[in-house]
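Colleague: Each residue of the sequence shown is one higher than the one before, counting from 241 in our numbering. Just so it is clear, CB atoms sit at the ideal spot from N, CA and C, and this is done for glycine as well. Pasting in a structure now, in structure tokens, and then I'll have a few things to ask.
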Amino acid sequence: MTTTPDAPAHAHVLRTAYQKAVAEYWNNEKDPVNLSLGDVDGLYHHHYGLGEYDPSVLEGPEETRDARIIEELHRLESAQADVLLDHLGPIQPGDRLLDAGCGRGGSSIMANARFGCEVDGVSISQAQVDFANEQARKRGVDAKVRY
Ligand SMILES: C[S@@+](CC[C@H](N)C(=O)[O-])C[C@H]1O[C@@H](n2cnc3c(N)ncnc32)[C@H](O)[C@@H]1O
241 MTTTPDAPAH AHVLRTAYQK AVAEYWNNEK DPVNLSLGDV DGLYHHHYGL
291 GEYDPSVLEG PEETRDARII EELHRLESAQ ADVLLDHLGP IQPGDRLLDA
341 GCGRGGSSIM ANARFGCEVD GVSISQAQVD FANEQARKRG VDAKVRY
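Following this line, the structure appears as structure tokens:
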């Protein structure tokens with residue numbers, strides 16, 4: 241591959257117009273739903289949820305209704321990641337996982353928390369990679385979880 245010394249690193253990775261468009265989409269993605277849910281405990285996901293929701297979150301004081309719904313939606317999205325991890329088999333602390341299409345990195349952090357293993361997350365979006373590395377650093381797991 242021919243490279244240009246002064247070009248940013250991603251210029252050598254994103255080669256087609258389609259790849260550039262996908263990267264641009266995710267670089268600019270700041271959906272407050274995804275971010276608010278991740279703010280609950282610092283695990284940021286970009287997927288749906290799994291399981292039955294707890295209808296009791298719709299009861300109670302109006303002032304805290306949104307917070308209860310956000311927490312419940314976040315519980316369900318993390319439950320989905322848990323099901324994925326359930327299927328990975330007996331991962332050991334010395335193992336190393338690849339989280340391909342890692343988004344903001346929540347599943348990688350969960351994998352490391354559960355198994356103690358190393359995780360390499362890969363995203364087409366540099367903004368997501370930077371965000372996820374910052375989360376790993378904040379949690380003190382950046383020696384084992386890298387994006
Ligand atoms: C629906 S999100 C899922 C993110 C994460 N796995 C999760 O469950 O929270 C899809 C992710 O794939 C990434 N992606 C899309 N195309 C990619 C590619 N060709 N190489 C690496 N990442 C890619 C996007 O940046 C986005 O983060």
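DSSP has Leu-337 in a bridge; who is on the other side?
Modeller: What you label residue 337 is simply residue 97 of the sequence shown in a count that begins at 1. Answer is Val-359.
Colleague: Can you list, in chain order, the residues of its chain whose CB lies under 7 Å from that of His-286, leaving out five sequence neighbours each side?
Modeller: Reading the sequence shown from its first residue, position 46 is the one you call residue 286. Same-chain partners within the cutoff: Asn-274, Gly-343 and Arg-344.
Colleague: Helix or strand or just coil, what does DSSP make of Val-385?
Modeller: Numbered from its first residue, the sequence shown carries residue 385 at position 145. Strand.
Colleague: Taking Gly-289 and Glu-317 to be in contact with their CB atoms under 8 Å, please state how far apart those CB atoms are, rounded to whole angstroms.
Modeller: Counted from its first residue, the sequence shown places residue 289 at position 49. Counted from its first residue, the sequence shown places residue 317 at position 77. Contact flag correct, Cβ pair sits at about 5 Å.
Colleague: Shortest alpha-carbon distance to Glu-269 belongs to which of Asn-373, Gln-368, Tyr-387 and Gly-380?
Modeller: In the sequence shown, counting from the first residue as 1, residue 269 sits at position 29. Measuring from the Cα of Glu-269, the nearest candidate turns out to be Gln-368.
Colleague: Please enumerate, following chain order, all residues with a beta carbon closer than 6 Å to at least one heavy atom belonging to ligand 1.
Modeller: Answer in sequence order: Val-262, Trp-266, His-285, His-286, His-287, Gly-341, Cys-342, Gly-343, Gly-346, Ser-347, Val-362, Ser-363, Ile-364, Ser-365 and Gln-368.
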